[in-house]
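Residue numbers (this note's numbering): 21 to 168.
The block underneath contains the structure these notes are about, expressed in structure tokens.
Structure, rendered in structure tokens:
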């Protein structure tokens with residue numbers, strides 16, 4: 021047998037104060053900043069078929085690792101065929117910093133090894149058009165809320 025008791029009065033207040041509460045500083049799930057809407061994107065569905073097969077090098081996926089309190093970040097472009105991962109340190113997660121770090125990390129590679137880059141729909145890639153021009157690479161984006 022199980023005996024269940026519901027706390028009342030002061031005990032209930034004390035127990036409720038120990039539970040997690042929605043952090044008002046954060047956005048509710050599903051909300052987004054207006055400035056994070058990406059313009060003129062190519063979806064992952066428009067990538068060449070050879071990207072999915074992972075047989076030809078030169079197709080990259082990238083993501084961002086954010087540090088505590090977003091004080092530092094690391095961009096992680098990973099080549100799909102060889103699984104080579106390049107770590108590019110960033111002072112912050114702003115679009116300009118991410119673009120510059122990815123361009124710096126990939127610019128020394130031969131053009132044959134810079135064909136496509138696939139990224140999630142994070143606001144940090146809002147300068148994707150400039151990155152495409154700088155590197156001569158096609159940037160594709162995953163579907164929202166589906167990072168693959």
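Even for Gly, the Cβ is constructed at its ideal location relative to N, Cα and C.
*Where do the ends of the alpha helix (DSSP H) carrying residue 148 lie?*
Against the chain shown, residue 148 aligns to sequence position 128. In the DSSP assignment, residue 148 falls within the unbroken alpha helix (DSSP H) covering 148-155.
*asked:* Whole angstroms are fine: how far does the CA of residue 101 sit from the CA of residue 76?
replied: Locating residue 76 in the chain shown gives position 56, counting from the first residue. Locating residue 101 in the chain shown gives position 81, counting from the first residue. Distance between the alpha carbons of residue 76 and residue 101 is about 6 Å.
*asked:* Output needed for residue 58: all residues of its chain with C-beta closer than 8 Å, excluding positions within five of it in sequence on either side, in chain order.
replied: On the chain shown, position 38 is the one that residue 58 refers to. The residues are 141, 143, 145, 146, 148 and 161.
*Looking at the structure shown, is residue 36 part of a helix, part of a strand, or coil, going by DSSP?*
For this step, residue 36 is matched to residue 16 along the chain shown. The answer is helix: DSSP assigns residue 36 an H, G or I state.
_Please give the ranges of any beta strand (DSSP E) in the segment 86-150, keeping only runs that are unbroken, at least 3 residues long and fully inside the region._
Counting only runs of 3+ residues, the beta strand (DSSP E) found wholly inside the segment 86-150 occupies 93-95, 108-110 and 136-139, in chain order.
*Where residue 111 and residue 82 are concerned, what is the direct C-alpha to C-alpha distance, given to the nearest angstrom?*
The residue you call residue 111 lines up with position 91 of the chain shown. The residue you call residue 82 lines up with position 62 of the chain shown. Looking at the two C-alpha atoms, the distance is approximately 17 Å.
*Have a look at residue 107 and residue 91 and give me their C-alpha separation to the nearest angstrom.*
In the chain shown, residue 107 corresponds to position 87, counting from 1. In the chain shown, residue 91 corresponds to position 71, counting from 1. Residue 107 and residue 91 have their C-alpha atoms roughly 17 Å apart.
*Got a sec, what are the start and stop residues for the alpha helix (DSSP H) residue 72 sits in?*
As a working note, residue 72 is residue 52 in the chain shown. Where residue 72 is concerned, the enclosing alpha helix (DSSP H) stretches over 69-73.
_For residue 79: DSSP bridge partner residues_ = Translated into the one-based positions of the chain shown, residue 79 becomes position 59. Beta-bridge partners of residue 79 (DSSP): 136.
_Sequence-distant residues of the same chain with beta carbon closer than 7 Å to residue 85, five excluded per side_ = Reading the chain shown from its first residue, position 65 is the one you call residue 85. For residue 85, where only same-chain residues beyond five positions count, the Cβ hits under 7 Å are 93, 94 and 96.
_Residue interval of the beta strand (DSSP E) (run including residue 158)_ = For the purposes of this step, residue 158 is identified with residue 138 of the chain shown, where counting begins at 1. Taken as a continuous stretch (DSSP letters only), the beta strand (DSSP E) holding residue 158 covers 158-161.
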